[in-house]
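Single-structure report; data block below.
Okay, structure coming up:
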């Protein structure tokens, strides 16, 4: 399977790790149980790679990182419900999340069409 490399800062890693930890706990009505399991598995594998500074990501890991960032962004703007503590934590990452979403959309547009 093709892997994708990209450069990210320590702050980017911290933000991605946070967003990847939030995504599995969010209930998305349009996501079935099988897709939820795939997303959770990709969250775990992406997090493991980020922790070890391994940036050889497979396309599904890129997609789930983007999805996790979008989820945090939607929480921050009030379009996705979550508990008050999660919302408060998400607000700490608002600027880096927005920067990373723009980066993902410009660098990997083929994965989000």
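In this note's numbering, the protein residues as written are 659 to 771. Glycine included, each C-beta is placed from N, C-alpha and C at the ideal position.
On the criterion of 16 or more Cβ atoms from any shown chain inside 10 Å, does residue i qualify as buried, or is it exposed?
| i | result |
| --- | --- |
| residue 601 | Lying outside 659 to 771, the shown extent of the chain, residue 601 is not represented and no answer is given. |
| residue 669 | exposed |
| residue 749 | exposed |
| residue 705 | buried |
| residue 722 | buried |
| residue 659 | Legend: pLDDT at residue 659 = 49, less than 50; position of this residue unreliable, no value from coordinates given. |
| residue 758 | buried |
Please state whether the Cβ-Cβ distance between residue i and residue j is less than 9 angstroms.
| i | j | result |
| --- | --- | --- |
| residue 676 | residue 720 | no |
| residue 674 | residue 708 | yes |
| residue 691 | residue 725 | no |
| residue 738 | residue 684 | yes |
So, under 8 angstroms CB-CB, residue i and residue j are touching, yes? Tell me the CB distance rounded to an integer number of Å.
| i | j | result |
| --- | --- | --- |
| residue 745 | residue 733 | 6 angstroms |
Is there contact here, the region 679-696 with the region 723-734, by at least three beta-carbon pairs under 8 angstroms? A contact is defined here as three or more CB-CB pairs under 8 angstroms, and the region 679-696 meets this definition with respect to the region 723-734.
Alpha helix (DSSP H) runs wholly inside the region 693-764, at least 4 long, in chain order: With a minimum length of 4 residues, the unbroken runs of alpha helix (DSSP H) contained wholly in the region 693-764 fall at 717-734, 742-749.
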